[in-house]
Structure formats: structure tokens, C-alpha cells
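Chains as they are written, first to last, in the numbering used here: chain A, 1 to 463; chain B, 464 to 809.
Yeah, the Cβ is synthetic: ideal placement off N, Cα and C, and Gly gets one too.
Given the structure is predicted, the values throughout are model-derived calculations rather than measurements.
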Amino acid sequence: MSFTSLHFYVFLLAILALLSVTNSNRQKKIILLLASYWFYMSWDWRFGGLLLLMTVVNFYCGRQIRVSQQPKLWLTASLVFSLGVLGLFKYFNFFLDNLAAVAGLMGMASHINLLQILLPVGISFYTFQALSYTIDIYRRELEPVDSLADFALFVSFFPQLVAGPIVRASYFLPQLTQLTLASAADQRDGVLLIIRGLIKKVLLADVLALHLVDPAFASYQQQSSWFLILALIGYSFQVYLDFSAYTDIARGCARLLGYQLPVNFNRPYLADTISNFWQRWHISMSSFFRDYLYYGLGGSKKGNVYANLIITFVAIGVWHGAGWNFVLYGLCHGMLVALERWLRQKGWLVQQTGWRWALAVGRTFTLVCLLRVMFRAEDLQEAGGYLLAIWQNTAIPFQLTAVGAAALVISVLLHGITPRYLAHWQLRLYHWPILLKAPALVALLYGLVVFGSAEAPFIYFQF
Amino acid sequence: MDSQLRNTLIAVLLLFVLAEVALQWRAEVKFGNSIFSAAAATDNSTSMFESRDGFKVLSANQHFAGSSISVQSNSLGLRSPELTEKTPGNSRLIVLGASSTYGAYAKTNAETFPALLQQRLDGQFEVINAGIPGNDLDSQYQLYRQQLSGVNEDMLIIYSGLSNDIGRLCRTKPSGKSYSLPQLSAPKWLLSVDLLLKNTTELRYVPYKYQPMPDLGSLLAQYQTTLQAIIQLAKERGVQHILLAENLTSFRPEQPLALQQTLASSAMYYTPCLDVQQFSEVFRQYNQTLAQVAAKQQGVHYLPLSHKVPGGKSYFTDSVHFSAKGEHAMADALADALHSLAEEAK
């Protein structure tokens with residue numbers, strides 16, 4: 001059930017209608033819990049069992065961490081189970097594949113068969129949410145909840161279930177303690193966020209994919225150097241728009257239901273360093289890794305800070321997918337962040353202003369774009385081939401559709417708008433007279449129909 | 464709910480419904496067929512098309528009057544006059560096909576190429592238009608086998624159309640069993656959506672996509688098998704001459720690429736996984752199959768038509784459907800072919 005489908009909005013309206021006649025918090029939570037499981041099982045009903053198992057095990061571990069004499073044991077149990085399930089579904093075949101390759105290199109014939117495992121949608125997101133609960137209890141930053149239903153709703157809350165933002169238990173569970181109804185401002189902001197998300201996803205990200213990115217990566221041997229360069233830039237914007245669109249719609253839906261979800265992006269391509277980029281990109285994930293892995297490893301206080309940084313970023317890379325391209329993606333980012341830290345300590349990297357800042361932003365964006373090749377390519381060979389084609393295909397004539405060019409220009413321009421200015425304009429549009437607003441929204445709806453026909457899934461669903 | 468939000472949502476919904484109603488009304492006025500006529504249909508008066516066992520026909524003995532297109536169906540559910548008593552010396556000719564044969568844009572039954580062909584044959588033949596939109600070759604075979612069994616035709620022309628056959632090239636088959644829960648989707652009769660998508664294919668068309676040519680092997684084999692089944696059945700019914708007409712498109716490889724892309728717009732809507740050159744190649748391979756089948760069989764003739772019915776906007780309304788001029792050109796070409804056949808027989 002995609003956020004861009006008619007089905008989802010009928011589903012959402014049905015839930016809102018049900019909630020409008022509900023006057024108890026318990027009823028509201030039960031409706032949302034059932035709706036969340038329905039939402040998740042709409043992809044594959046068998047995944048519902050996995051989600052339930054992840055919920056029950058972590059709920060029980062969380063309780064035992066608080067009451068048992070051996071909290072570390074129960075935390076370990078929670079970590080082993082949650083990461084084990086994630087590993088089995090997401091990384092087991094990668095592991096087997098590499099084992100077979102190593103066996104082959106050592107001259108041993110391998111008879112390892114890969115497992116036919118279907119990756120449950122959003123598993124990386126809800127596994128981390130569930131883990132944040134047990135780790136926070138262990139660190140005494142959170143009290144375990146009494147109600148399994150509350151915890152189940154936290155893990156499965158449908159707006160952010162399959163592609164985040166990754167919500168901490170300490171952020172969301174307190175919102176479940178009392179009945180909160182969406183105020184008029186919440187409803188307005190919720191609808192505006194949903195509209196913004198749909199525009200970003202259907203009218204920009206999917207158009208960039210269709211006209212620029214997909215043709216470039218599908219046939220980079222036949223595309224001109226300039227087209228491949230533009231496609232790399234286009235891909236960076238496509239990923240951003242696609243993912244931030246999901247977050248916008250998720251936050252918008254949550255608002256309509258009376259809840260808040262955290263901001264996940266802050267104009268990441270205006271970052272002036274790679275470390276600054278990670279403070280602006282997928283904030284809920286990068287802060288999760290910072291708080292639970294980097295600090296866990298010792299951060300800058302214990303052990304080798306550079307090693308800690310590199311390990312954290314390799315883990316971030318691997319979180320995105322099972323492949324050496326993701327390992328290398330994380331490793332490169334980790335090394336760059338470590339290098340920036342070293343330069344900063346030496347006093348060679350300082351906060352810039354004016355044109356020096358613009359240069360720093362350009363340099364960071366270039367690095368991010370180049371590293372994205374590994375993110376988009378199927379494997380390292382394809383990534384290398386793409387970069388080589390940029391170098392070699394200078395004689396091929398450049399071509400780009402007007403629609404693709406327009407989507408790229410609008411994407412870049414939109415990225416530059418400050419959130420305050422954007423919010424101001426959104427409000428102005430919201431207060432347009434209905435005779436102007438309604439036709440504009442119908443035109444937008446038709447635009448979504450025109451470009452939404454391909455039904456491209458959100459990129460981060462695969463993670 | 465916030466009153467401003469509620470009012471906006473209601474206004475948007477109203478506008479959408481109004482646009483849809485206007486388009487449905489337009490369809491009713493122009494083509495005599497819309498959601499209104501379908502909704503008003505009773506057991507006695509059904510909607511425009513009826514599904515039978517593996518094929519479609521028009522609702523029998525109905526008049527669908529629109530300002531642009533008027534369709535009169537006969538008792539067999541065809542856009543053709545009622546069959547008269549077959550008399551000695553009078554021959555019958557069936558033109559089997561899909562929407563192009565039916566005359567998707569022909570204003571009246573008399574302006575379809577099978578009807579025009581009958582005029583050109585000076586009463587020697589009673590021509591039956593057995594073209595129904597949406598029927599692929601398998602459906603055409605079923606229609607021929609079940610619906611046209613007692614017609615006693617003397618000649619058969621197959622102008623299969625192809626759009627319905629190659630449309631399946633772009634349909635992705637779900638791999639294995641589906642475990643997803645049921646999903647809602649927009650109803651297919653929503654004309655606003657249909658019209659928007661049909662008229663905006665160029666916005667989604669990427670000429671430098673370089674997608675691989677789909678494997679036609681199994682589709683061509685199936686097409687050939689069905690074609691042979693139709694021929695076999697026709698021969699069993701005593702049909703002396705079977706003509707396999709070349710399937711035509713508005714866009715042709717000799718035209719400038721930009722023009723081909725414009726002319727192929729509606730084809731791209733139905734078959735979005737092909738680019739315009741691939742579309743031409745698919746047609747070429749299907750037509751080659753027709754020629755190969757004809758070459759192997761006694762009494763089966765392949766009719767190349769592209770030199771007699773040129774491509775472009777004056778002969779075609781969209782990628783594959785004839786304009787009034789195209790219907791005439793098609794009738795002329797077929798009449799010439801039949802005259803040549805008669806000359807050869809002498």
C-alpha cells in the first residue's frame with residue numbers, strides 16, 4: 001500500500017472517520033494498531049507474524065531488563081534476536097555468497113546454495129525502533145511500558161513503519177499516554193505535508209528517475225558524459241526527494257492522527273562538510289547510529305575515535321543493503337568524516353562564510369554525488385563502469401528531454417528554499433480563496449495522475 | 464475537521480466529479496457510450512459490448528447514436544448489416560479483426576472499410592465486418608469459430624490489428640503466488656484519468672531509454688498457431704481464398720524520428736515498454752509471420768498494404784486507427800487485391 005496510491009488515501013480517510021467517532025485513547029490505539037498491521041500485511045500478510053514476533057520479544061526483553069538481576073543478558077537477548085532476524089533476512093545470502101567466493105579462491109569447491117528469502121519491507125526501520133526501546137531501558141533513559149499494545153503500536157505505527165523516520169521509544173511512547181486529537185493547525189499542517197510529499201515524490205523524484213537516472217544507469221555505455229554527470233546530480237536529488245517525500249507524508253499522516261514524528265532532513269545538499277551532511281541527511285538514522293553505536297564504541301572519549309567513526313559509517317553503509325558497494329559507500333563516508341575531524345583538530349578545516357562557504361558546499365555535494373554511484377549501482381563493477389563511462393563517452397551527443405531538465409532545475413531550486421520561507425508560502429497558498437485553491441488542487445491531482453502512472457516504489461522501501 | 468480544510472476537500476471532490484461527468488456526457492453525445500448508458504442498462508438493453516466465451520461482440524441489434532460516431536449492431540453483435548439470404552452468384556466475405564476493422568473512428572457503419580469495400584465490389588460480395596475493439600487474434604479465432612459458424616462465407620480477410628496482441632508485451636506477470644492483501648484502484652471507466660494518460664504519453668516518453676527489445680518468440684509462435692487454426696477452420700468451411708492483410712501503423716520507419724514519435728503517441732500509451740523503433744520492428748516481425756504462413760499454404764495470400772495506405776495524420780486518426788481517408792484507402796487497396804485475385808483465377 002504505497003503512499004502514492006489511491007488505496008492508501010481511502011484507507012487513511014477510513015481510519016480518520018473511525019477515529020472521529022472515538023472518544024477513548026484505548027479505542028484509538030486499538031484502531032491504529034489494527035490499521036498498522038493491515039497496512040503492513042497489505043504487502044505480504046506473512047510479514048505480520050514477523051512484526052508481531054519482533055514486538056513481543058523486545059517487549060518482554062525490555063521488561064526483563066528492568067526487573068531481572070541480569071539486565072545485560074536480556075539486552076543481549078534482544079540484540080541477538082533483533083539483529084539476528086535482520087541478518088537472516090537481509091544479510092544471510094550476502095554472507096553465503098562471500099563464503100562461497102572465499103572457498104572458491106582457496107581452491108575448494110563450494111556447494112553452498114543461497115536461500116530463497118524475501119526481504120520484509122521496512123525491516124531495518126522497525127528493528128531499529130524496537131532496539132531503541134530495549135537499549136534505552138538498559139541505559140535507564142526509559143521506563144518499560146506496561147501495555148504490550150502501546151509498544152506494538154510504537155513499533156508498527158503505519159505512517160513511519162516501512163521507511164521511517166526511525167522514531168525513538170522515548171519520543172513516541174509518551175504521546176500514547178493520553179488521547180490527543182489533531183487540532184485545526186495539525187490538520188492543516190498534516191495536509192500540507194502530504195501534498196508536499198506527493199509533489200516531491202511523483203512530480204519530481206519519479207520524473208527524474210524516468211527521464212534521467214534510470215536511462216543513465218540502465219545504459220551508461222550509450223549515454224554521453226554530460227548526461228551521466230547530470231544523472232548523478234539527478235540521482236542525488238531523486239533519492240533526497242523520494243525519501244524526504246516519504247517522511248513528509250509520514251509526518252503529515254501522523255499529524256492528522258494527532259501525533260508528531262521527528263524531522264528527518266534539513267536541506268542536506270547545503271552541507272559544507274561530509275560530517276555536516278550526515279547531520280542533515282536521514283537525521284533519525286544517523287543520530288541512531290551516533291547514539292547507539294558510535295557512543296557505544298566510545299565515541300571520541302574511548303578507543304580510537306577515527307576507528308570508531310569508520311566502523312559507525314561502515315555500519316551505516318551496510319544498513320542500507322547487503323553488498324560490497326554499500327560497505328565501500330560507508331567506508332568512504334567514514335574515512336571522509338574521520339579526515340575532516342583530523343583536519344579540524346589541526347585547525348585546517350574551519351567554518352567558512354561567503355564564497356568560501358559556497359565552494360565548500362560545492363565540494364561536499366560533488367563528493368556526495370560521486371559516492372552515490374555505489375549507492376545506485378547494482379554492484380562495484382557497475383559503479384566503476386559508470387564512472388569510467390563519464391570519462392570515455394565524450395563523443396556521444398548529449399540529449400535530455402525538456403521534462404527531465406525542468407524536473408532537475410525545479411528540484412535544485414526547491415532545495416535552496418529555506419524551511420521558514422517554504423512554510424510561509426505554504427500558508428499563503430492554504431489561505432487562497434477556495435475558488436482558486438480547489439482548481440489548483442484538481443490540477444495537481446491530474447498532474448499526479450499523469451506522472452504517477454508508473455507507480456515507482458519509494459527507494460527506501462528496499463532498506 | 465477544520466472548516467476551511469473540509470470545504471476545500473469538498474470543492475476539490477466536486478470539481479473532479481464535475482469534470483468526470485462532463486467527460487462522460489461528452490462520450491455519450493459523441494460516441495453514444497458512457498458510464499450513464501452502462502448504468503442505465505437493464506437485462507434487455509445491455510452496455511455497448513458483451514463478453515462471450517473468449518471474445519467480445521457488440522450488444523446485438525442496438526443503435527448507439529453519438530454526434531461523432533454512430534454504431535448499429537446486427538443480430539450477431541457485429542458492426543455490419545443484417546445478413547441477407549445467401550443467393551447463388553452472391554458471395555460472402557468476412558473481414559475479421561479488431562478496432563481498426565470495426566472502424567473505431569468511422570462516423571457510421573457505412574464509412575468503415577469493410578462497408579466501403581462492399582460498395583467497391585459492385586454487389587459481387589456481401590462483406591461482413593467482424594472487427595470488434597479489444598479482440599486479439601485468439602479472440603478473433605473464437606469469434607470466427609463460435610459466432611460466425613453458419614455464415615457460409617466464400618472468402619476471409621484477416622486484418623488482426625495487433626495492438627491487442629502486443630499489448631501483453633508490457634504486462635508484467637506476477638512472479639509466483641501473491642501474498643498481498645487486496646488493493647483498491649481507480650475504476651477503469653474514469654474518463655478524466657484515461658483521457659489525461661492518453662494525451663500525455665509524450666511527457667513520459669524518453670527517446671534515449673535504450674531498453675532491450677522484448678523477446679517475441681513465444682508471442683509470435685502463439686500468433687502463428689492461432690493464425691493456422693483460423694485458416695484450418697476456414698478451409699474446413701470451404702473458404703477458397705484467405706487473405707492475410709499487412710497490419711499498418713501511422714508511423715513508418717521512413718518518416719523523421721520526431722514525427723514517428725508524435726504519431727506513435729497512442730501506441731506508446733497501450734504499449735509503454737517499447738520505443739517507436741521497437742514498435743515498428745514488432746509490427747515488421749508480426750507481418751513477416753503473416754507472410755510466412757501465407758507462403759506455406761495453398762489459397763492463403765499475404766497482402767502488403769503499406770504502399771497503398773500511407774502513414775501520417777491524413778490516413779490515420781491515431782497510431783493504428785484509420786481516418787475517413789484511411790478507411791477509403793484501405794477499401795481501395797483490398798478491392799484492388801480482390802480484383803487481382805479474380806484476374807489470376809481467370
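Residue from the options whose Cα sits closest to the Cα of residue i
i: V590 of chain B; options: B:R583, B:P577, B:S522 and B:T734; result: B:P577
i: H211 of chain A; options: A:R139, A:Y9, A:A407 and A:S2; result: A:A407
i: P670 of chain B; options: A:F277, A:A307 and A:S219; result: A:S219
i: D601 of chain B; options: B:Q582, B:P544 and B:R631; result: B:R631
i: A708 of chain B; options: B:Q740, B:L768 and B:L679; result: B:L768
i: L18 of chain A; options: A:F8, A:W391 and A:L32; result: A:L32
i: Q740 of chain B; options: B:P677, B:Q761, B:K776 and B:K759; result: B:P677
i: D136 of chain A; options: A:R63, A:A245 and A:K28; result: A:R63
i: A322 of chain A; options: A:G298, A:R376, A:R363 and A:R341; result: A:R376
i: L339 of chain A; options: A:F313, A:Q70 and A:W355; result: A:F313
i: Q674 of chain B; options: B:C633, B:T689 and B:A474; result: B:C633
i: Y446 of chain A; options: B:L653, B:Y732 and B:M464; result: B:L653
i: Q352 of chain A; options: A:K437, A:N276 and A:L131; result: A:N276
i: T550 of chain B; options: B:L706, B:A503, B:D617 and B:R583; result: B:D617
i: E141 of chain A; options: A:T364, A:R66 and A:T22; result: A:R66
Bounding residues of the beta strand (DSSP E) (the contiguous stretch that carries residue i)
i: I311 of chain A; result: Per DSSP, I311 of chain A belongs to no beta strand (DSSP E); it is in the alpha helix (DSSP H), V305 to H320.
i: V484 of chain B; result: Per DSSP, V484 of chain B belongs to no beta strand (DSSP E); it is in the alpha helix (DSSP H), S466 to F494.
i: L176 of chain A; result: No beta strand (DSSP E) holds L176 of chain A; DSSP gives it neither H nor E.
i: Y446 of chain A; result: Segment I434 to F451 is the alpha helix (DSSP H) holding Y446 of chain A; no beta strand (DSSP E) there.
i: L232 of chain A; result: That residue, L232 of chain A, is in no beta strand (DSSP E); its alpha helix (DSSP H) goes S225 to L257.
i: A708 of chain B; result: H704 to A708
Segment limits, alpha helix (DSSP H) that includes residue i
i: M731 of chain B; result: S728 to Y733
i: E513 of chain B; result: Note, E513 of chain B: premise wrong, no alpha helix (DSSP H); beta strand (DSSP E) at F512 to S514.
i: V56 of chain A; result: F47 to V67
i: V191 of chain A; result: A184 to L198
i: K759 of chain B; result: V739 to K759
i: L203 of chain A; result: No alpha helix (DSSP H) holds L203 of chain A; DSSP gives it neither H nor E.
i: C332 of chain A; result: W324 to K346
i: A383 of chain A; result: L380 to Q392
i: P577 of chain B; result: F576 to R583
i: L600 of chain B; result: L600 to Q605
i: T401 of chain A; result: Segment: none, T401 of chain A is in no alpha helix (DSSP H) and carries neither H nor E.
Residues that residue i bridges to, as DSSP identifies them
i: H526 of chain B; result: B:Q535
i: G560 of chain B; result: B:G594 and B:Y622
i: R555 of chain B; result: B:E589
i: L297 of chain A; result: Answer by DSSP bridge pairing: none, since L297 of chain A is not bridged.
i: V520 of chain B; result: B:E513
i: Y765 of chain B; result: B:L707
Per-residue DSSP class, three states only, for residue i
i: F779 of chain B; result: strand
i: Y622 of chain B; result: strand
i: V473 of chain A; result: For chain A, the structure presents residues 1 to 463; residue 473 of chain A sits outside this window and is missing.
i: F785 of chain B; result: strand
i: K651 of chain B; result: coil
i: A567 of chain B; result: coil
i: H770 of chain B; result: coil
i: K478 of chain A; result: In the structure displayed, chain A extends from 1 to 463; residue 478 of chain A sits before or after that span and is not available.
i: A692 of chain B; result: helix
i: L96 of chain A; result: helix
i: W85 of chain A; result: The amino acid occupying residue 85 of chain A in the given sequence is Val; Trp does not appear at that position. The answer is helix: DSSP assigns V85 of chain A an H, G or I state.
i: P262 of chain A; result: coil
i: I417 of chain A; result: coil
i: Y133 of chain A; result: helix
i: P721 of chain B; result: Sequence check: residue 721 of chain B is Ala here, not Pro. A721 of chain B: helix per DSSP, three-state reduction.
i: S643 of chain B; result: coil
i: H282 of chain A; result: coil
i: E141 of chain A; result: coil
Rounded distance between the beta-carbons of residue j and residue i, thought under 8 Å
i: N308 of chain A; j: Y294 of chain A; result: 6 Å
i: A798 of chain B; j: L559 of chain B; result: Rounded, the Cβ-Cβ distance is 18 Å, inconsistent with contact.
i: R251 of chain A; j: P268 of chain A; result: Not confirmed; about 17 Å, so no contact.
i: I233 of chain A; j: C332 of chain A; result: Going by Cβ atoms, the distance from I233 of chain A to C332 of chain A rounds to 18 Å, so no, they are not a contact pair.
i: S728 of chain B; j: S782 of chain B; result: 7 Å
i: N615 of chain B; j: R555 of chain B; result: 6 Å
i: S538 of chain B; j: N524 of chain B; result: 6 Å
i: L644 of chain B; j: W324 of chain A; result: Not confirmed; about 36 Å, so no contact.
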